[in-house]
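Residue 3 is where the sequence shown starts when you use the numbering used here, and the numbers rise one by one after that.
Where is the CB? At the ideal position from N, CA and C, for every residue including glycine.
All figures in this text were calculated on a predicted structure; none of them were measured in a lab.
This report concerns only the one structure given below.
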Amino acid sequence: MLTIRLSRTGKRHKPQYRIVVQEKQHDPWSPAIEVIGLYNPGTTPSSIQFDEERAKHWLEKGAIPSNTVHNMLVNAGLLKAEKAKSVQITKKRTDRMESKKVEAAEKKAKAEAKKAEAEAAAEEAAKAEKAAAEEAKKAEAEAKAAEAAKPEEAEVPAEIEPAAEETKVETVEENTAE
3 MLTIRLSRTG
13 KRHKPQYRIV
23 VQEKQHDPWS
33 PAIEVIGLYN
43 PGTTPSSIQF
53 DEERAKHWLE
63 KGAIPSNTVH
73 NMLVNAGLLK
83 AEKAKSVQIT
93 KKRTDRMESK
103 KVEAAEKKAK
113 AEAKKAEAEA
123 AAEEAAKAEK
133 AAAEEAKKAE
143 AEAKAAEAAK
153 PEEAEVPAEI
163 EPAAEETKVE
173 TVEENTAE
């Protein structure tokens, strides 16, 4: 069975790829039946060059492209299909991502509940403060009304201070026995 896939070339940290036609069972770096193109992700934008005629030829012969090459051919317009999923995520990783999403949702719900609780407490405090202010105004108004209702009394001069009381001083005799 033939496959069309990428074979890595280039230096460390500077990958370049050949688009090759090989037997599916062979190693990607083993000799290829034919090199039909090049892919360089290091350039901006990534450069893809391939021989469209040879790609069509091998697709007609039954060669199956890898997911990445399939997506490249779809972008070039050689294949009329939807893009394939080129990255596969393991079940373990999927489960971990799901648990993180659930934790994030729970954390968000707790934060929203805490925020709503704080807003309710602030609102209640504002209501209590407003009620206290209204009570204070009512008490002030009642005090003014009571003051206005009192008849004015004549001022009476202060009484003369009473004379200082006589203080008795007792002397204590010391008893000494000889």
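In the DSSP annotation of this structure, Thr70 is not part of any beta strand (DSSP E); the continuous alpha helix (DSSP H) holding it starts and ends at 69-78. Taking C-beta separations shorter than 8 Å and ignoring five residues to either side along the sequence, the partners of Leu8 in its chain run Tyr19, Arg20, Ile21, Val22, Pro30, Tyr41, Ser68, Thr70, Val71, following chain order. For Lys109, the three-state secondary structure derived from DSSP is helix. For Lys58, the enclosing alpha helix (DSSP H) starts and ends at 54-62. For Lys13, the closest of Ala34, Thr92, Pro43 by C-alpha to C-alpha distance is Pro43.
The beta carbon of Lys87 sits closer than 8 Å to the beta carbons of Asn69 from its chain, once the five residues preceding and following it are set aside; these are given in chain order. At least 7 Å separates the beta-carbon of Ala65 from that of Leu80.
Taking C-beta atoms as the reference points, Val76 and Lys85 count as a pair closer than 7 Å.
For Leu4, the uninterrupted beta strand (DSSP E) segment begins and ends at 4-13.
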